[in-house]
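Novice: In my numbering, the protein residues as written are 120 to 389.
Using N, Cα and C, we set each Cβ at its ideal position, and we do this for glycine too.
Submitted below is the structure of interest, expressed as structure tokens.
And the structure:
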């Protein structure tokens, strides 16, 4: 058995380095091409570098419109997910009833299904109910998988919280709201914050489900996809992609930092 302080073999270090390059080298290329002087094609090495595309992207009203829509959708979908995911986690972790495991499976199922299946299902449901595609259909579509992320974090933390604390709170005369505020919430607060951050990041860059539920509206990922299909200024797309990487990276890092002390806290991505 290897001790914790033993150095890793050189081959293992090289394999780990190769894996990291495989994962992150394409992302680094986005940052490089965001500053290239070439407007209509990708060349390697780039013919030169410039910062003018940052100003061009800043002055594009379609970029701001798509960014604003993505931020609003992600914010509301995250709020819905926090409420529903927390309630579902509380029911599953603190109650015993027939079909509890089936309920847990059904809650997690949307994130296990391929995005295109979820998108087709939602589009069919909206068409059957004669609901016009709008801002709210995008929000509902994103909430389906955001709930799962919050639920995973909340249910894992609730299962680690001693039930005797809740019983003691009731014995001391606290009602349900007081028990939640002063006992449960402090114990699951970081898990909810981490789940909310991950849910926001997933919603912000969702493409497939949005394609089936957005109608004529453009979130930022949809805007980027259309710009790649019919490019006008390729470096602008890379500038926006760079911003998306930074926007989604920060909440994911924060969620990792908040849950780093619990190896059973779920933080599953989509």
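#1: Given a cut-off of 8 Å, decide if residue 196 and residue 373 are closer than it, judged by their beta-carbon atoms.
#2: Would you tell me roughly how many angstroms separate the C-alpha atoms of residue 386 and residue 302, rounded to the nearest one?
#3: What does DSSP give as the partner residues of residue 168 in its beta bridges?
#4: Please classify residue 191: does DSSP put it in a helix, a strand, or coil?
#5: Quick check: residue 316 and residue 208, are their CB atoms within less than 8 Å of each other?
#6: Shortest alpha-carbon distance to residue 279 belongs to which of 287, 269, 310, 328?
#7: Which residues in the same chain as residue 245 place their Cβ atom closer than 6 Å to its Cβ, once the five residues preceding and following it in sequence are excluded?
#8: Mapping DSSP to helix, strand and coil, what is residue 144?
#9: Using the Cα positions of residue 242 and residue 154, report the straight-line distance between them to the nearest angstrom.
#10: Specify, as a first and last residue, the run of the alpha helix (DSSP H) that residue 315 falls within.
#11: Indicate whether residue 346 and residue 338 have their beta-carbon atoms separated by less than 8 Å.
#12: Does the beta-carbon distance from residue 212 to residue 266 come in below 8 Å?
#13: Nearest-angstrom Cα distance between residue 376 and residue 367?
#14: Consult DSSP for residue 220 and reduce its assignment to one of helix, strand or coil.
#15: Quick one: what's got a C-beta closer than 7 Å to residue 327's C-beta in the same chain, skipping five residues either side?
#16: Taking 6 Å as the limit between beta carbons, can you name the residues of its chain near residue 260, skipping five residues before and five after?
#17: Closest to residue 365 by C-alpha separation, out of 324, 230, 268, would be which residue?
#18: Using the Cβ count rule (16 or more neighbours within 10 Å means buried), how would you classify residue 169?
#19: Among residues of its own chain, excluding the 5 on either side of residue 358, which ones have a beta-carbon nearer than 7 Å to its beta-carbon?
#20: Pick helix, strand or coil for residue 248, following the three-state DSSP scheme.
Specialist: Looking at the coordinates:
#1: Here residue 373 refers to the residue found at position 254 of the chain shown. Here residue 196 refers to the residue found at position 77 of the chain shown. No, the pair does not count as a contact, with Cβ atoms beyond the cut-off.
#2: Reading the chain shown from its first residue, position 267 is the one you call residue 386. Reading the chain shown from its first residue, position 183 is the one you call residue 302. With a pLDDT of only 41 at residue 386, under the threshold of 50, the placement of this residue in the model should not be trusted, and no figure is reported.
#3: Counting from one through the chain shown, the residue named residue 168 turns up at place 49. Under DSSP, residue 168 takes part in a beta bridge, and its partners are 155.
#4: Residue numbering aside, residue 191 sits at position 72 when the chain shown is read from its first letter. Residue 191: helix per DSSP, three-state reduction.
#5: Position 197 of the chain shown, counting from 1, holds the residue named residue 316. Position 89 of the chain shown, counting from 1, holds the residue named residue 208. Not closer than 8 Å, so no.
#6: One-based indexing of the chain shown puts residue 279 at position 160. Ranking the options by Cα distance to residue 279, first place goes to 310.
#7: Along the chain shown, read from residue 1 onward, the residue named residue 245 stands at position 126. Result list for residue 245: 256, in chain order.
#8: Counted from its first residue, the chain shown places residue 144 at position 25. Of the three classes helix, strand and coil, the one that applies to residue 144 here is helix, per DSSP.
#9: On the chain shown, position 123 is the one that residue 242 refers to. On the chain shown, position 35 is the one that residue 154 refers to. The alpha-carbon atoms of residue 242 and residue 154 are separated by roughly 39 Å.
#10: Translated into positions along the chain shown, residue 315 becomes position 196. Where residue 315 is concerned, the enclosing alpha helix (DSSP H) starts and stops at 304–323.
#11: Residue numbering aside, residue 346 sits at position 227 when the chain shown is read from its first letter. Residue numbering aside, residue 338 sits at position 219 when the chain shown is read from its first letter. Not in contact: residue 346 and residue 338 (Cβ atoms no closer than 8 Å).
#12: Here residue 212 is taken as the residue at index 93 of the chain shown, counted from 1. Here residue 266 is taken as the residue at index 147 of the chain shown, counted from 1. In this structure, residue 212 sits away from residue 266, with a CB-CB distance that is not shorter than 8 Å.
#13: The sequence position of residue 376 within the chain shown is 257, counting from 1. The sequence position of residue 367 within the chain shown is 248, counting from 1. So the two alpha carbons sit approximately 15 Å from each other.
#14: The residue labelled residue 220 in the question sits at position 101 within the chain shown. Under the three-state reduction of DSSP, residue 220 is assigned to helix.
#15: As a working mapping, residue 327 is identified with position 208 in the chain shown. These residues qualify, in order along the chain: 234, 235, 238.
#16: Within the chain shown, the letter at position 141 stands for residue 260. Closer than 6 Å at Cβ, skipping near neighbours: 241, 328, 332.
#17: The residue given as residue 365 occupies position 246 in the chain shown. Ranking the options by Cα distance to residue 365, first place goes to 324.
#18: Your numbering for residue 169 matches position 50 in the chain shown. Exposed, by the Cβ-count rule.
#19: What you label residue 358 is simply residue 239 of the chain shown in a count that begins at 1. In the same chain as residue 358, and ignoring 5 residues on each side of it, the C-beta atoms closer than 7 Å to its own belong to 153, 172, 173, 176, in chain order.
#20: Working through the chain shown from its first residue, we reach residue 248 at position 129. Coil.
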